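S.K.: Dumping the structure here so I can ask a few things about it.
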Amino acid sequence: MKSFLEKSLVFGLGTFSLTREKAEKFLRDLEERGEVTAAEGKRILNELMEKGEQEKKALQETIQQTVGEIMKNLGYIRKEEYTALEERVKELEARLYGAPTAGETTE
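Under this note's numbering, think of the first position of the sequence shown as 3, with each following residue one higher.
This is the structure in structure tokens:
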């Protein structure tokens with residue numbers, strides 16, 4: 003029964019973003035009712051917090067990827083791309099007007 007309870011808690015609570023305090027209170031309630039021991043409660047809490055961090059990171063990555071795709075579809079470029087293009091334009095202008103570029107030497 004405890005294995006089923008653990009799996010339910012890790013799955014059910016792990017999928018939600020719980021604050022540590024809420025998770026601790028929930029597990030304390032389970033301890034008071036004798037459904038988990040203090041050691042089990044601590045272990046479950048650590049698993050929940052770890053799973054929450056993993057889900058948070060996954061969500062952040064998904065958001066960044068989605069925003070990047072939206073920006074690209076709208077025709078926006080990243081700052082790094084802009085800076086690279088700006089440097090290239092400066093280099094081409096220097097060649098066009100005869101001024102040496104950073105990589106060239108004058109003889």
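Even glycine gets a Cβ: it sits at the ideal position worked out from N, Cα and C. Just so we're clear, the structure is a prediction, and the values are computed from it rather than from any experiment.
1. By alpha-carbon positions, which one of 91, 29 and 89 ends up nearest to residue 43?
2. Rounding to the nearest angstrom, what Cα-Cα distance links residue 92 and residue 80 in this structure?
3. Return the Cβ separation of residue 40 and residue 33 in integer angstroms, given the expectation that the two are a contact with Cβ distance under 8 Å.
4. If I'm right that residue 51 touches residue 22 with Cβ under 8 Å, what's the distance once you round it to whole angstroms?
5. I need the straight-line Cα distance from residue 54 to residue 68, nearest angstrom please.
6. Applying the criterion that 16 or more other CB atoms from any shown protein chain within 10 Å of the CB defines a buried residue, is residue 46 buried or exposed?
M.R.: According to the structure shown:
1. Nearest C-alpha to residue 43: 29.
2. Approximately 19 Å, taken between the alpha carbons.
3. With a contact defined as Cβ atoms closer than 8 Å, residue 40 and residue 33 qualify at about 6 Å.
4. In this structure residue 51 is in contact with residue 22, their Cβ atoms being roughly 6 Å apart against a cut-off of 8 Å.
5. The alpha-carbon atoms of residue 54 and residue 68 are separated by roughly 21 Å.
6. Buried: at least 16 other Cβ atoms inside 10 Å.
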